[in-house]
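Note that the protein sequences, when read in sequence, are chains U and F. In terms of full-length UniProt numbering, the first sequence opens at residue 1 and continues consecutively. In terms of full-length UniProt numbering, the second sequence opens at residue 1 and continues consecutively.
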Amino acid sequence: MYASEIDMLSPRSLLECLYLLENEKASFRLLAGGTDAVVRMKEGKWQHDYWLNLKNIDELKFITIEKDEIHIGPLTTHSEIISSPLLQDHADVLVQACREVGAAQMQNMGTIGGNIGTASPAGDTIPALFALGAIIELTSITGKRQVSAEDFFVGPGKTVAFPNEIITKISFKVRGKHDIGLFQKLGPRKAQSISIVNVAISLSMKEGTKECLGGRIAFGSVGPTVLRAKKCEAMLTLGELSPDMISNISSVAWKEVMPISDIRASASYRRDMASALLERGLYRLIKRWADNERKPF
Amino acid sequence: MKENHFKYIGRPVPRMDAPEKVTGTLKYMTDYHFEQMVWGKVLRSKYPYARIKSINTSKAESLPGVVCVLTHKDIPGFNGFGIVVPDQPVLARDVVRCTGDAVALVAAETKEIAEHAISLIEVDYERLNPVTDAEFAMSSNAPSLHENGNIHSHVIIKNGNMDTAFEEADVILENTFYSPRQMHAFIETEGGWGIQEPDGMLTIRCPGQYAYRDRLQIARALAMNPARIRVISHPIGGAFGGKDEITVQIYLALLALHSGGRPVKIHLSREESVIAGIKRHPFKVEMKTAAKKDGTLLANQVRAVADTGAYASLGGAVIALAIEHCCGPYKIPNVDLEGFCVYTNNGISGAFRGFGVNQVCAAIETHMDMIAEKLGMDPIELRKKNAYEKGERSSIGHELKTSVGTLKTLETAETCELWKNREMYKKNISEPWKKRGIGIATSFHAVGMGIGLPDYGAATIELLPDGTFKVGVGCEDIGGGNSTVYAQVAAELLNCDIEKITVIQGDTAETLDSGTVTASRSTYTGGKAIAAAVPHMIRVLTEAASAQHRVEPENILIGENEYYAMTKNGEQVSTYEKLYAYLHENRLSTKVEGHFMLPKEKEELPQSGGAPHHLYGYLTHLALVEVDTLTGETEVLRVVSIPDAGQVLNPQGLEGQAEGGAVMGIGYTLYEDVLMDGGYHQTANFTNYIIPTIRETPVIETFPVESTEETGPFGAKGIGEVVMIPIIAAIMNAIYDAAGVRIMHLPATPERIYKALKSRDVRQ
């Protein structure tokens, strides 16, 4: 079968799309921004009957706030996230992660739902969603279910979504002004690279201090899925986040990850870099917090 | 740039090809689609080293939509190609020596059918153990990949007396350097078109660096009169040496002969280009350098081994040039240098900007930095002390008869703002774990071919009916900007506006053979050839004006864009259009030729493979870097490039070359390597082959020093390659200055730097 023989269906609504997915006799691949799907198609890896082109489903493109929750539609592009004032205020860690996705062209085409659905352990937006405690909504013709980002990924390229389900919403709690976040990426170069290691950090700070009231830390590219660093998280609240404390917390990070060796980096380097990125990230985050507060600590 | 009286020479003339390239309106040859076209595909070897027991094409042939399937049996002429020795089969017959080897060709109605047909060709292989290490390949235990063994070439240069030199030395350094398999990474992968015209002529449109030689290589494989083949090799989406050798021209020709007169197109995917395309030779360089306490260099001993992969291509010439340049632009009295070009089953290596000098410059310039540190000397001072000048003897023992700009470039480096304020720049770090350093390195690169290879240029100038001139030079513009330089030279000498010049390049039907676009030679050679043609055109125009106005030729004056005849009735004007009309009416030729031989050294150093060269371009680089000691990442923050290109013909063009070369050098030093394992490419495409982007591009300043080269066009030399050479060592030295680690295995990836930092901290 040639790639050019794969037909494309372009549903006009979510309902139409869900209805099409109920056809068990045919195999489908969802096409959002296409930044990953087109590559797989060229490689001849995917041999399915139909592309399900989501481009026309406008109801899956949104960024809204409802009470204390932010909602993002899965067809929202990385560029739209980057330029959203709402997300700049309430999801700095996600905005930063989207900035690190590929090149400008990829950010313009690629979507957050696509990044989640592809489920790469190196996907840049996923650690940010872990750090934000995001909930992913899956919808099928029979109903909806909510899965936390941490429970969503099963392995490289594998998620808990069933073939008849699609991602319809990503949501997380509004951040307070004492909640700060940061995304750090180490790639073989600064621009347009696949992460060797990345880390997303989200902290709730005590006003006027360098004390942390709690936080989330998630690493990418150092395990079969994105991983939460719960030992490091537990240490965040042990005392003021001084450079020494940051160094101590970071030194624990290598125990939380289990990376592989590949042509981009060795496992031991990745492991060390989990610590290095966390140290660099916490240092930068606390510096930003201190600079913004403009108060002597 | 000092003042001159020229209208175009030495002026910043924008590149003629820039608007259409920048806006994307230029169509490269591989962008074209024709009616009735067929798609060609190449079956590459499945294994890096194997015997072919049989090839069965019947299934592929019976696939609907397949036009033809070709194997070695379908080659009418000689089944081989290669610029120096034709050791690479066009289509493998009994053995494959790398995964880039072509085994069969298919032409089909669509690209997908062609790809499918390729997968239906059954090749019965007997796998053999691949030879993947060059040192092992040289040993007696290794299987012989070619008839005459695995050592394709061995070059030696000796001068002085090594025994006593090392005894007298106060400082001796001995290190081994490893360099990466850099990819040319041109924007346009290998590809093109072939068609057999109704009269039997073959037209091959395929980007290349020497249309005339490509034509001869096609003719040899087809057993066809080369005059029956037209090769169009321009425009080109980048080459950098990677399109110097045959890429797909012969495949296009073979398929065109079997496609019933329909045009056949081949365009390699990036993945196929990575596997089949040539790369820069990975080198192992062992170097031992000795100096006296006062900084005088005493001796240099070098053993360099280059992995040329399965076939020679230009590997022999690459190792020869490396050995010629491995002592830097210095006068070291005692040297013992040898280089080996070795066959393995690792792809194919060949020509690439710098041509072997990059690899050895990294070694000698690191040693210069280490000697300066050991002796407590300023690194520029040490280099100045040992640099040769015109009229002196180089380390390899020949007298420099042409311009040498090393000292001037070093003096400029010493007084430039970055170097003078280096302590301030180094202190100016942004985060506590960052370290900054500044490095310097200097190098040189030969211009033109070595001894033993005839080197000539030729150009045509034709007056057209509309009063413009068509300037034809065989040398393609592979991105360096020579087309603009050719227009400048022609316009300046003809005394006309540059808008009246059209430059035609790279077409065997339209231009004369002018040699390759390699060896930093095309500005020099093409410029001189045009300069040789211009007097003939002036004579034609003067004679026409004189006949037209019935006055003696001495009464004709050459004006700007027109000719004047001093007649009894006063001054009469002849425009180019009028002159054309006169020539045409009288059936006189409107086209002239100019020919030019490059000057050469007379005596070849025995066993050197072509050294010395007559002309060299020189350059000094400074680099400011910041190393992140937490991660090992290096950022190049500033680069100063100080070239000696002779007189600069186009400052804007020179800056373009200097900046492009610096970025390519940054890539080589920090990011780029095609990784191989067991003869298989681990790096598939640009996902993991990392080249610098604009975010990795620092501020680059270019300060040319101008040392007039008397033999060159308007005093110019060549600069296309040396612009990427010393920056490699400059960055390596800057990393040491910043973080205290010497990375001798390039690229200096974050992981390598981090590991070096970690092991140093453990030691301390």
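Built from N, CA and C at the ideal position, the CB exists for glycine as well.
For U:K190, the chain F residues whose C-beta falls within less than 7 Å of its own C-beta are R695, E696, listed in chain order.
When Cβ pairs closer than 8 Å are counted between the two stretches, the region 348-356 of chain F is seen not to touch the region 414-426 of chain F, the count staying below three. No Cβ-Cβ contact shorter than 8 Å links F:R228 with F:T508. For the region 279-294 of chain U, residues whose beta-carbon sits nearer than 7 Å to a beta-carbon of chain F comprise E279, R280. Within the region 53-102 of chain F, the complete alpha helix (DSSP H) segments at least 4 residues long are 58-61, listed from N- to C-terminus. Contact with chain F is found for U:I194, since one of that chain's Cβ atoms lies less than 8 Å from the residue's Cβ. Spatial neighbours of F:E286 in its own chain (CB-CB distance under 6 Å, excluding positions within 5 residues in sequence) are listed in chain order as T176, R303.
Interface flag for F:N688 against chain U is set, since a Cβ pair is found closer than 8 Å. In the same chain as F:S349, and ignoring 5 residues on each side of it, the C-beta atoms closer than 8 Å to its own belong to R181, I278, K279, R280, H281, P282, A306, D307, T308, G309, S313, G315, V318, in chain order. Selection F:I187, F:L202, F:P207, F:E633 evaluated against F:W433 yields F:E633 as nearest (Cα-Cα). For chain U, none of the residues of the region 26-49 of chain F brings a beta carbon within less than 9 Å of one of its beta carbons. With a cutoff of 8 Å on beta-carbon distance, F:V13 and F:Q652 are scored as near each other.
Within the DSSP bridge table, the entry for F:M732 names no partner.
Residue state for F:I438 is assigned as strand, using DSSP reduced to three classes.
In this structure, DSSP gives U:N164 a state outside helix and strand, which the three-state scheme calls coil. Inter-segment contact for the region 591-605 of chain F and the region 523-538 of chain F is present: three or more beta-carbon pairs are separated by less than 8 Å.
DSSP places F:D378 in the coil class of the three-state scheme, outside both helix and strand. Within chain U, no C-beta atom comes less than 7 Å from the C-beta of F:L63; the nearest is roughly 12 Å away.
In the three-state reduction of the DSSP assignment, U:N56 falls in the coil class. For F:F177, the enclosing beta strand (DSSP E) stretches over residues 171-178. Listed along chain F are T631, each with a C-beta nearer than 7 Å to that of U:M273. Here F:I121 really is in contact with F:I55; their C-beta atoms are around 7 Å apart, less than 8 Å.
Contact of U:A119 with chain F by beta-carbon distance below 8 Å is absent, the smallest such distance being about 18 Å. Close partners of F:L557 in chain U (Cβ separation under 8 Å) are lacking, with about 57 Å as the shortest Cβ gap.
CA-to-CA, the gap between U:S242 and U:K230 works out to about 20 Å. As the crow flies, the alpha-carbon of F:K53 is around 27 Å from that of F:Q249. At a beta-carbon threshold of 8 Å, the residues of chain F lying near U:I263 are L675, Q682, T683, N688, ordered along the chain.
When secondary structure is reduced to three states using DSSP, F:P747 falls in the coil class, being assigned neither helix nor strand. Here F:H33 is exposed: its Cβ has fewer than 16 other Cβ atoms, across all protein chains shown, within 10 Å. For a Cβ distance threshold of 7 Å, residue set L630, T631 of chain F lies close to U:A276, ordered along the chain. Counted as a single uninterrupted DSSP element, the alpha helix (DSSP H) harbouring F:D214 occupies residues 211-222. In summary, no residue of the region 166-198 of chain F has a CB separated from any CB of chain U by less than 8 Å. Contact with chain U is absent for F:P76, since none of that chain's Cβ atoms lies less than 8 Å from the residue's Cβ.
F:V517 sits in coil when the DSSP states are folded into three classes, being neither helix nor strand. Sorting F:V573, F:R521, F:T99, F:L598 by C-alpha distance to the C-alpha of F:Y311 places F:T99 at the top. Contact residues of the region 739-759 of chain F toward chain U are T749, P750, E751, Y754, K755, K758 (C-beta to C-beta distance below 9 Å).
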